[in-house]
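Engineer: I'd like to ask some things about the structure below.
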Amino acid sequence: MHSLIEALVRHKSCSLIGMEKNTGKTVTLNFLLNHLPPHYRVAVTSIGLDGESQDQVTNTKKPEITLREGMLFATSEKHYLCRKMVSEIIDVSQERTALGRLVTAEVKQTGKVILSGPGSSQSVRRWMDEIEKKTDLILVDGALSRKSLASPTVSQSMILSTGAAYSANIDRLVRDTAYLVELIQLPLETQNEDNKIYLTGAVTNRVLESLMNDKTKADKEIVIQDFTKVFAEQLLWHRLTKNHHVSVKQKSELLAITVNPTAPNGMVLDSDKLCRMMYEATGVEAYDLMKVESLELNV
Amino acid sequence: MVESLELQSSASRRALMEQELMTSDTDIERLYSTLLTYLQPISDPKQELHIKTLQFRLTGIKDLRTTLINLAEHRVLDDIELFEIKHLAILTSEVEKQVEMLSIPCSLPQLDDIVAILDPEGLRIATFYIYDAYSDTLRQIRRQRELNPQDEELFVKMQQEEERIRLELSKQLHPLGQQIAAAYNALIDIDINLAKALQIKQMHLCMPTVGCTTSYADMWQPEVKAVLKEKKIEYQTNSITFGNQPTLIIGSNMGGKTVVLQTVALCQLLTQFGFGLPAREAQVAVKDEVSMAMADGQSIQSGLSSFAAEMVNINNIIQSARTDKRVLALIDEPARTTNPIEGTALVNGLIEVLQQTEQSVLMVTHYTVNAAGCHCYRVKGLNEGKMDYSLLPTTADEVPHEALNVARELGIDPEWLKKTEQYL
Chain U
1 MHSLIEALVR HKSCSLIGME KNTGKTVTLN FLLNHLPPHY RVAVTSIGLD
51 GESQDQVTNT KKPEITLREG MLFATSEKHY LCRKMVSEII DVSQERTALG
101 RLVTAEVKQT GKVILSGPGS SQSVRRWMDE IEKKTDLILV DGALSRKSLA
151 SPTVSQSMIL STGAAYSANI DRLVRDTAYL VELIQLPLET QNEDNKIYLT
201 GAVTNRVLES LMNDKTKADK EIVIQDFTKV FAEQLLWHRL TKNHHVSVKQ
251 KSELLAITVN PTAPNGMVLD SDKLCRMMYE ATGVEAYDLM KVESLELNV
Chain B
1001 MVESLELQSS ASRRALMEQE LMTSDTDIER LYSTLLTYLQ PISDPKQELH
1051 IKTLQFRLTG IKDLRTTLIN LAEHRVLDDI ELFEIKHLAI LTSEVEKQVE
1101 MLSIPCSLPQ LDDIVAILDP EGLRIATFYI YDAYSDTLRQ IRRQRELNPQ
1151 DEELFVKMQQ EEERIRLELS KQLHPLGQQI AAAYNALIDI DINLAKALQI
1201 KQMHLCMPTV GCTTSYADMW QPEVKAVLKE KKIEYQTNSI TFGNQPTLII
1251 GSNMGGKTVV LQTVALCQLL TQFGFGLPAR EAQVAVKDEV SMAMADGQSI
1301 QSGLSSFAAE MVNINNIIQS ARTDKRVLAL IDEPARTTNP IEGTALVNGL
1351 IEVLQQTEQS VLMVTHYTVN AAGCHCYRVK GLNEGKMDYS LLPTTADEVP
1401 HEALNVAREL GIDPEWLKKT EQYL
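So the protein lines, in turn, are chains U and B.
Counting from 1, one number per residue, gives the positions in the first sequence under my numbering.
Counting from 1001, one number per residue, gives the positions in the second sequence under my numbering.
What follows is the structure in structure tokens.
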């Protein structure tokens, strides 16, 4: 069993997030689906319609996911009706997404489907609670978009996809990924009752500046909802963390980073070097899953 | 009241909000006798589990309106719509069992034919896809696909065969459309009736009888009661009876007269929507229209002053009172914003006009008016510094002069009151 799968099966749910399009989130999802033990009951959905509207702008199709017999999935009415598989409807929710109601189904014969799931953290949570008893693992194709209302921290664990599509400059790519990893790994808020400041909305540069200029707020613990709420620049953020203990209300464990060394324009980074640098900068295992798969084929 | 109703599905809520006021005595009576059949099992603690199970089943009602339209218009239903119909059919038989156990008489249509159509494998579970069992061709194509999952041609063949089956199923289901719709509406009715019955039990409401006159014993305004309960103050109930003539309510300020009007309006509407009433006992005369002239109707948008807005409003009430419609008019302190001399005259005139219409009118006024031929109620008023909100029938046209006493209780500036007394 691949070490990534070993880490994954210790959790009941996992969100996949990507730093940019074409960083290999779909590759990661397909890798996980192919490598999980065959008896494993898996349910898959996606959060946020955000990717959808963007795709319609750039005219690239949202990727289809191949699902095997016995797997459960949830997608919108529209995408359910154009699936390329045989599947049995288990439930149709009364909640509406922009693409119609949410359909939960079981795959009867392997095939492809476009995933477009619930649009908010609460509705993902509700769906996960419903489906949990029927499954060993729930995979959520999460949007790491600033526009998404749903946070990937609804699941217990997370896998981050990054790669040359984000930046072809290897140093910048590693530095920015490490910053995101640092945010993902912010500790949960302490039990300590007082001496806390709760930041409920987005944490922007301006919020940080006014916070740091306010002497009355020095030494206080700063609690934010989750890492997706941080929009501040690295430098400013690090000035904050020097003087404050910063924590989150909700987090999930980062299992691994997957890298795609190839950029859409054809530029290719050194895969081994990239994985090594990522690991050194973050302390989190980094894999080039395409390479792992091709090695497996050769064996 | 609708807010506090424990409906199990959003489809029921929508159906309830789209209901129209019932104006037929027999419809209303029939509904209350149905509610009675729900109240019996609800009050039986042994049935609690069955009620809970029924409620749980009712959460499964899905909004089928679009599907029903598509079915009626001969459209080919998609997998989701076929799933919904199958789900409804199975749900109906489950609810039927539950309702039987509670001995609530309901006429749920038999949907076994539908289950048979959509459940070719006889599994009786509420899931759906185009089963292999529908056609040998489909079964064969799917078997071939297992060997060649990438074969686009096979996929297209499978889709064509599936679509043919959908068309076939839609054709078979079309004649059963009315039964499906009837089952859907019956389930919604059960959800609404159960919620109403539970509300009656929880809020200690009563079910009214229908009669020629209206009479409420110990009625209360639920919102005000809830507010008072939070402040740990007891609510004082009122009793009132009125027929087809103007009935006046007079009495001191802060005596709860407006609340009485609101409660009467609420009870009238609750009756005609078939809810329990906030009263110990009630008899209600059914109306075609409930009109209210309350509070300050000042409207900047239409450019009317508060006096003008009120006059127009009351004028509309007079016009509809003159028609054949049975009207309940509730008028709170008419002509209060103009000078008392003309105000009193306007109210006297209004009473005479409304007397001729022989409609039910409840009117609150502070003016001394000619109340001959009217029923009259007076708020008991201040009693040893405490407000007694109960309504007493009174014959006289004496209007109590308690404004100053009430103001004193409110702690109003003593100098102002002293100066005022000099003018009386």
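Glycine included, C-beta positions come from ideal geometry on N, C-alpha and C.
What residues of chain B sit near T110 of chain U, judged by a beta carbon separation below 7 angstroms?
Structural biologist: The residue you call residue 110 of chain U lines up with position 110 of the first sequence. Neighbours of T110 of chain U on chain B, chain order: P1149.
Engineer: Please compile the residues from chain B whose C-beta is within a distance smaller than 9 angstroms of the C-beta of S87 of chain U.
Structural biologist: Position 87 of the first sequence, counted from the first residue, corresponds to residue 87 of chain U. Going along chain B in sequence order, the residues near S87 of chain U (Cβ under 9 angstroms) are D1079, Y1129.
Engineer: Among the residues of its own chain, which have a CB less than 8 angstroms from the CB of L1068 of chain B, if the five just before and after it don't count?
Structural biologist: The count along the second sequence starts at 1 and reaches residue 1068 of chain B at position 68. G1177, I1180, A1181, Y1184.
Engineer: Can you pull the chain B residues whose beta carbon is under 8 angstroms from the beta carbon of E77 of chain U, in chain order?
Structural biologist: Here residue 77 of chain U corresponds to residue number 77 of the first sequence, with the count starting at 1. Simply I1080.
Engineer: Spatial neighbours of N59 of chain U within its chain, please: C-beta separation below 7 angstroms, excluding the five flanking residues on both sides.
Structural biologist: Working through the first sequence from its first residue, we reach residue 59 of chain U at position 59. Here N59 of chain U scores only 48 on pLDDT, less than 50, and its place in the model is too uncertain to base an answer on.
Engineer: Rounded to a whole number of angstroms, what is the C-alpha to C-alpha distance between V181 of chain U and Q1150 of chain B?
Structural biologist: Residue mapping note: residue 181 of chain U aligns to position 181 of the first sequence, counting from 1. Residue mapping note: residue 1150 of chain B aligns to position 150 of the second sequence, counting from 1. Approximately 39 angstroms, taken between the alpha carbons.
Engineer: At what residues does the beta strand (DSSP E) containing G100 of chain U begin and finish?
Structural biologist: Locating residue 100 of chain U in the first sequence gives position 100, counting from the first residue. Run containing G100 of chain U: 100–114, per the beta strand (DSSP E) assignment.
Engineer: Thinking C-beta only, is W127 of chain U closer than 9 angstroms to T216 of chain U?
Structural biologist: Residue numbering aside, residue 216 of chain U sits at position 216 when the first sequence is read from its first letter. Residue numbering aside, residue 127 of chain U sits at position 127 when the first sequence is read from its first letter. No, Cβ-Cβ distance for T216 of chain U and W127 of chain U is not below 9 angstroms.
Engineer: For T1023 of chain B, write down the residues that DSSP places opposite it in a beta bridge.
Structural biologist: Along the second sequence, read from residue 1 onward, the residue named residue 1023 of chain B stands at position 23. For T1023 of chain B, which the question treats as bridged, DSSP gives no partner whatsoever.
Engineer: For A1195 of chain B versus E1006 of chain B, is the C-beta distance shorter than 9 angstroms?
Structural biologist: Locating residue 1195 of chain B in the second sequence gives position 195, where the first residue counts as 1. Locating residue 1006 of chain B in the second sequence gives position 6, where the first residue counts as 1. Yes; because the gap between Cβ atoms is below 9 angstroms, this pair is in contact.
Engineer: Is it true that the CB of G1381 of chain B sits closer than 9 angstroms to the CB of Q1283 of chain B?
Structural biologist: Position 283 of the second sequence, counted from the start, is the residue given in the question as residue 1283 of chain B. Position 381 of the second sequence, counted from the start, is the residue given in the question as residue 1381 of chain B. Contact flag unset, no.
Engineer: What does a CB cutoff of less than 6 angstroms around L208 of chain U pick up in its chain, not counting 5 residues either side in sequence?
Structural biologist: Position 208 of the first sequence, counted from the first residue, corresponds to residue 208 of chain U. Cβ neighbours of L208 of chain U beyond the five flanking positions: A232, L236, L240.
Engineer: Any C-beta of chain B within less than 9 angstroms: which residues of the stretch 94–127 of chain U qualify?
Structural biologist: Here the close residues are Q94, G100, R101, V103, A105, E106, K108, Q109, T110, G111.
Engineer: Under 9 angstroms, do S3 of chain U and L139 of chain U count as touching if we go by C-beta distance?
Structural biologist: As a first step, residue 3 of chain U is located in the first sequence; it is residue number 3 there, counting from the start. As a first step, residue 139 of chain U is located in the first sequence; it is residue number 139 there, counting from the start. Their beta carbons are not under 9 angstroms apart, which means S3 of chain U does not touch L139 of chain U by this criterion.
Engineer: Here's the rule: buried if 16 or more other CB atoms are within 10 angstroms of the residue's CB, otherwise exposed. What is N1193 of chain B?
Structural biologist: Here the question's residue 1193 of chain B lines up with position 193 in the second sequence. Answer is buried; the Cβ neighbour count reaches 16.
Engineer: Are the beta-carbon atoms belonging to D226 of chain U and T282 of chain U less than 9 angstroms from one another?
Structural biologist: For the purposes of this step, residue 226 of chain U is identified with residue 226 of the first sequence, where counting begins at 1. For the purposes of this step, residue 282 of chain U is identified with residue 282 of the first sequence, where counting begins at 1. Cβ distance not < 9 angstroms, so D226 of chain U and T282 of chain U don't count as in contact.
Engineer: From this set, B:P1393, B:E1003, B:L1016, which residue's C-alpha is nearest L1187 of chain B's C-alpha?
Structural biologist: Numbered from its first residue, the second sequence carries residue 1187 of chain B at position 187. Nearest option by C-alpha distance: B:L1016.
Engineer: Would you mind telling me which residues of chain U sit closer than 8 angstroms to R1065 of chain B, beta carbon to beta carbon, in chain order?
Structural biologist: The residue labelled residue 1065 of chain B in the question sits at position 65 within the second sequence. Near R1065 of chain B there are no residues of chain U at all, since even the closest Cβ is about 12 angstroms away, more than 8 angstroms.
Engineer: Can you list, in chain order, the residues of its chain whose CB lies under 8 angstroms from that of E69 of chain U, leaving out five sequence neighbours each side?
Structural biologist: As a working note, residue 69 of chain U is residue 69 in the first sequence. For E69 of chain U, where only same-chain residues beyond five positions count, the Cβ hits under 8 angstroms are V107, K108, Q109, T110.
Engineer: Please decide whether K84 of chain U counts as near chain B, where near means a Cβ-Cβ distance under 9 angstroms.
Structural biologist: Looking up residue 84 of chain U in the first sequence gives position 84. K84 of chain U counts as touching chain B.
Engineer: When you compare the stretch 1082–1095 of chain B with the stretch 1212–1225 of chain B, are there three or more beta-carbon pairs, one atom per stretch, that lie closer than 8 angstroms?
Structural biologist: Segments in contact, no.
Engineer: What number of angstroms, rounded off, separates the C-alpha of V268 of chain U from the C-alpha of L274 of chain U?
Structural biologist: In the first sequence, the residue the question calls residue 268 of chain U occupies position 268. In the first sequence, the residue the question calls residue 274 of chain U occupies position 274. Distance between the alpha carbons of V268 of chain U and L274 of chain U: 11 angstroms.
Engineer: What separation, rounded to the nearest whole angstrom, lies between the Cα atoms of A256 of chain U and D1191 of chain B?
Structural biologist: Position 256 of the first sequence, counted from the first residue, corresponds to residue 256 of chain U. Position 191 of the second sequence, counted from the first residue, corresponds to residue 1191 of chain B. Their Cα atoms are separated by approximately 49 angstroms.
Engineer: What residues in the stretch 1010–1028 of chain B have a beta carbon less than 9 angstroms from any beta carbon of chain U?
Structural biologist: So the list reads S1010, A1011, given in the order they occur along the chain.
Engineer: Go through its chain and collect everything with a Cβ distance to I224 of chain U's Cβ below 6 angstroms, but skip five positions before and after it.
Structural biologist: Looking up residue 224 of chain U in the first sequence gives position 224. Cβ neighbours of I224 of chain U beyond the five flanking positions: L199, V203, V248.
Engineer: Would a check of beta-carbon distances place E1084 of chain B closer than 9 angstroms to chain U?
Structural biologist: Here residue 1084 of chain B refers to the residue found at position 84 of the second sequence. Chain U contact via Cβ: present.
Engineer: What residues in its chain sit with their C-beta under 6 angstroms from that of H245 of chain U, if we drop five residues either side in the sequence?
Structural biologist: By 1-based counting over the first sequence, the position of residue 245 of chain U is 245. So the list reads E221, once near-sequence residues are dropped.
Engineer: Is the shortest distance between the beta-carbon of R146 of chain U and the beta-carbons of chain B less than 9 angstroms?
Structural biologist: As a position in the first sequence, residue 146 of chain U is number 146, starting the count at 1. Confidence is the limiting factor: at R146 of chain U the pLDDT is only 49, short of 50, which leaves the residue's position unreliable, though a coordinate-based value still follows. Closer than 9 angstroms: no.
Engineer: With DSSP collapsed to three states, give me the class of D1324 of chain B.
Structural biologist: The residue labelled residue 1324 of chain B in the question sits at position 324 within the second sequence. It is coil, neither helix nor strand.
Engineer: Is the stretch 73–88 of chain U touching the stretch 159–174 of chain U in the sense that three or more CB pairs, one from each, lie closer than 8 angstroms?
Structural biologist: Too few Cβ pairs lie closer than 8 angstroms, so no.
Engineer: Quick test of your reading: T1258 of chain B and V1364 of chain B, contact by CB under 8 angstroms. State the CB separation rounded to the nearest angstrom.
Structural biologist: Sequence index remark: in the second sequence, residue 1258 of chain B carries index 258 (1-based). Sequence index remark: in the second sequence, residue 1364 of chain B carries index 364 (1-based). That belief holds up - the Cβ atoms of T1258 of chain B and V1364 of chain B are roughly 7 angstroms apart, short of 8 angstroms.
Engineer: Helix, strand or coil for D302 of chain U, going by three-state DSSP, please let me know.
Structural biologist: Residue numbering for chain U in the displayed model covers 1 to 299; residue 302 of chain U lies beyond these limits and cannot be assessed.
Engineer: Examine chain B for any beta-carbon lying closer than 9 angstroms to the beta-carbon of V44 of chain U, and answer yes or no.
Structural biologist: Counted from its first residue, the first sequence places residue 44 of chain U at position 44. No, V44 of chain U does not count as interfacial toward chain B.
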